[in-house]
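Trainee: Starting off with a structure, shown below.
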Amino acid sequence: MSIDKVEILQNKLTDIAESDPKRKFHSLRDKIYRMDFLEKAWYDVKKNRGSPGPDKISIPEIEEQGIEDILLELQEELRTDKYKPGPIKRVYIPKSNGGKRPLGIPNVRDRIVQASVKLLIEPIFEVDFQPSSYGFRPGKSAKDATKEIYKCLNYGHIHVLDADIEHCFDEIPHDKLLKAVSRRISDKYVLKLISMWLKSPILEDGTYRKVKKGTPQGGVISPLLANIYLDQLDKWWIQQGMTRRSGCNARMVRYADDIVILSSKPTPIPEKTLRKLLGLLELKLSEKKTRFVEAEGGFDFLGFRFVRRFSSKYGKSKTYFFPSPKSVTKVKGRIREIAGNDRTHIPPEEIAKQLNVAVSGWCNYFQWSWHNSAFTGVYSYLCFRFLKFLRRRQNKSGFGRYRAHPVSEFQNKYGLITWTRSTVFKDELRRECSGRAV
Numbered sequence: 000m001s002i003d004k005v006e007i008l009q010n011k012l013t014d015i016a017e018s019d020p021k022r023k024f025h026s027l028r029d030k031i032y033r034m035d036f037l038e039k040a041w042y043d044v045k046k047n048r049g050s051p052g053p054d055k056i057s058i059p060e061i062e063e064q065g066i067e068d069i070l071l072e073l074q075e076e077l078r079t080d081k082y083k084p085g086p087i088k089r090v091y092i093p094k095s096n097g098g099k100r101p102l103g104i105p106n107v108r109d110r111i112v113q114a115s116v117k118l119l120i121e122p123i124f125e126v127d128f129q130p131s132s133y134g135f136r137p138g139k140s141a142k143d144a145t146k147e148i149y150k151c152l153n154y155g156h157i158h159v160l161d162a163d164i165e166h167c168f169d170e171i172p173h174d175k176l177l178k179a180v181s182r183r184i185s186d187k188y189v190l191k192l193i194s195m196w197l198k199s200p201i202l203e204d205g206t207y208r209k210v211k212k213g214t215p216q217g218g219v220i221s222p223l224l225a226n227i228y229l230d231q232l233d234k235w236w237i238q239q240g241m242t243r244r245s246g247c248n249a250r251m252v253r254y255a256d257d258i259v260i261l262s263s264k265p266t267p268i269p270e271k272t273l274r275k276l277l278g279l280l281e282l283k284l285s286e287k288k289t290r291f292v293e294a295e296g297g298f299d300f301l302g303f304r305f306v307r308r309f310s311s312k313y314g315k316s317k318t319y320f321f322p323s324p325k326s327v328t329k330v331k332g333r334i335r336e337i338a339g340n341d342r343t344h345i346p347p348e349e350i351a352k353q354l355n356v357a358v359s360g361w362c363n364y365f366q367w368s369w370h371n372s373a374f375t376g377v378y379s380y381l382c383f384r385f386l387k388f389l390r391r392r393q394n395k396s397g398f399g400r401y402r403a404h405p406v407s408e409f410q411n412k413y414g415l416i417t418w419t420r421s422t423v424f425k426d427e428l429r430r431e432c433s434g435r436a437v
């Protein structure tokens, strides 16, 4: 697989785009169906896994059929302009607030082509994106967003607008999105592919329906398209003078459609400006999820709780962030689900393995925080639920005592995860965030 050639071309595109901010790119079509691009696209789709689309063909089934033949088939379809995307399967995943988030899942073969286009155009747009955007970008993560919020709070931006764009992915207008893409891409075939994906019919409950707006969450290229569209918001925010110290001194941190605006002044102007700019994009804020708070009262973002608290040691307020109560409740619910009373037919070793995957992933995400209290509580709950699971397997009521099943047995006999109590790396936090002393 010639991944190196893909990276070389991506670097060239980045350099060209960076050297000329007004440059438009054409003659990209032949790169999309280059075999090295298709191979790299398949690698990315396979790595992300995901469920089958409407054709019900899964990734393992694709491998069984022979990926080489499928890539050659896609290459020929793209080369001869015979490629036509299939419909999109609509599924819903539960949200922490009791609602459901809609996802649109394309067929695997369509995800491969989307990934190939993404590999080609992402380096072009990346050079234009603002530093305030963190979601679904190479080299950026939720960790970077939390560091920026931490830094802003330490610099006195303690007046917080916690905002969320309502149904952002479903409400983006196609014409304005394609216009935003065409600011950099003039290749008609690339624009045609994107237009076809946007207009792919939705399959839900056995019925097909046409799509007039939105880019479905679940598509490989959808996060990039959303960032391209919302980049206008990031730029307009600066052009309106919202970040000037003489003005509102309001900094935006955006992770896809989740936004936090931190200001050093208690003023309603940031919210009014945000609503106005979103209106120009034919989007609006979620009234249920948008609120203005003071940092001392705390707010949640990306699963973390941020709060300013008085420290008797330092004689002033300090900034802390740690797993939010919702995040703790969610991982405990997952533990309860895996080690539930209806799963006692599964060997304890397999249950321990599944718990390890769930809990270690959660801990890895939140380890960059003041996590001691949350981690201790989650680990205690993990041992408690695993003990209850073992008791149910033995047809015993109650929870018994750890004397019969000590924690060492959980670890040594069944392989349940363990970790030691640790603290956040405060020196590293100061250095990376480049904020004031905490």
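Numbering (numbering that gives the first Met the number 0), first residue to last: 0 to 437.
Idealized CB from N, CA, C, for every residue including glycine.
#1: Please state whether DSSP places Ser316 in a helix, a strand or coil.
#2: For Arg22, report the span of its beta strand (DSSP E) as first-last.
#3: Taking only three categories from DSSP, how would you classify His173?
#4: With Val406 as the anchor, note down where its alpha helix (DSSP H) starts and where it stops.
#5: Where DSSP assigns a beta bridge to Met251, which residues make up the other side?
#6: Take Asp80 as the anchor and find which of Leu152, Leu160, Leu192 has the nearest alpha-carbon.
#7: Under DSSP, the beta strand (DSSP E) around Gly103 begins and ends at which residues?
#8: I'd like the list of long-range same chain contacts for Glu147, defined as Cβ closer than 6 Å, with 5 residues on each side in sequence excluded.
#9: Cα-Cα, which of Asn355, Thr206, Phe298, Lys46 is closest to Gly414?
#10: Whole angstroms are fine: how far does the CA of Phe321 sit from the CA of Val306?
#11: Between Lys99, Ser181, Ala351, Arg250, which has its C-alpha nearest Lys150's C-alpha?
#12: Helix, strand or coil: how does DSSP classify Leu415 here?
#13: Return the residue from the list Tyr319, Glu349, Phe388, Tyr364 that minimises the CA-CA distance to Val330.
#14: For the candidate residues Glu72, Gly103, Gly85, Thr214, whose alpha-carbon lies nearest to that of Ser50?
#15: Quick one: grab the DSSP three-state call for Gln366.
#16: Please classify Arg98 as buried or exposed, where buried requires at least 16 other C-beta atoms within 10 Å of its C-beta.
#17: For Ser185 and Lys178, what's the separation of their Cα atoms in angstroms?
#18: Which of the three DSSP states, helix, strand or coil, is assigned to Lys88?
#19: Could you tell me the distance, in whole angstroms, from the CA atom of Asn371 to the CA atom of Phe24?
#20: Just curious, the alpha helix (DSSP H) that Leu303 is in, first and last residue?
#21: Classify Ser421 as buried or exposed, calling it buried when 16 or more other Cβ atoms lie within 10 Å of its own Cβ.
#22: Could you have a look at Gln9 and say whether DSSP puts it in helix, strand or coil?
#23: Which residues does DSSP list as the beta-bridge partners of Ala162?
#24: Does Pro59 come out as helix, strand or coil in the three-state DSSP assignment?
#25: Ordered along the chain, which non-local residues of its own chain (more than five positions away) have a Cβ less than 6 Å from that of Glu121?
#26: Around the Cβ of Leu71, are there at least 16 other Cβ atoms within 10 angstroms (buried) or fewer (exposed)?
#27: With DSSP collapsed to three states, give me the class of Val44.
#28: Could you round the C-beta distance between Glu304 and Gly297 to whole angstroms and report it? I think they count as a contact, below 8 Å.
#29: Give every residue of the same chain whose Cβ lies closer than 8 Å to the Cβ of Thr471, excluding the five residues on either side of it in the sequence, and list them in chain order.
#30: Looking at Gly134 and Tyr254, is the spacing between their C-beta atoms short of 8 Å?
#31: For Val292, report the span of its beta strand (DSSP E) as first-last.
#32: Could you name the residues that DSSP lists as bridge partners for Pro322?
#33: Going by beta-carbon coordinates alone, are Phe36 and Ser115 separated by less than 8 Å?
#34: Give me, in chain order, the residues of the same chain whose beta-carbon lies closer than 7 Å to that of Ala40; leave out the 5 immediate sequence neighbours on both sides.
#35: Only counting the same chain, and skipping five residues up and downstream in sequence, which positions put a Cβ closer than 7 Å to that of Cys382?
#36: Measure the alpha-carbon distance for Thr272 versus Arg22 and round it to whole angstroms.
Mentor: The structure says:
#1: strand
#2: Element bounds for Arg22: n/a, residue is neither H nor E.
#3: helix
#4: 406–411
#5: Ile260
#6: Leu192
#7: 99–104
#8: Val252
#9: Asn355
#10: 9 Å
#11: Arg250
#12: coil
#13: Tyr364
#14: Gly103
#15: coil
#16: The sequence given here places Gly at residue 98; Arg does not occur at that position. With fewer than 16 Cβ atoms within 10 Å of its Cβ, Gly98 is classed as exposed.
#17: 10 Å
#18: strand
#19: 50 Å
#20: Checking the sequence, you will find Phe at residue 303 rather than Leu. Careful: Phe303 lies outside any alpha helix (DSSP H), inside the beta strand (DSSP E) at 303–310.
#21: Bear in mind that a pLDDT of 49 at Ser421, under 50, signals an unreliable position, so the number given afterwards is only what the model happens to contain. By the neighbour-count rule (16 or more Cβ atoms within 10 Å), Ser421 is not buried but exposed.
#22: helix
#23: Ile258
#24: helix
#25: Leu223
#26: exposed
#27: helix
#28: According to the sequence displayed, residue 304 carries Arg and not Glu. The Cβ separation is near 6 Å, so the contact holds.
#29: Absent from the structure is residue 471, since the part of the chain shown begins at 0 and ends at 437.
#30: yes
#31: 290–293
#32: Phe303
#33: yes
#34: Ile111, Ala114, Ser115, Leu118
#35: Val406, Phe409
#36: 30 Å
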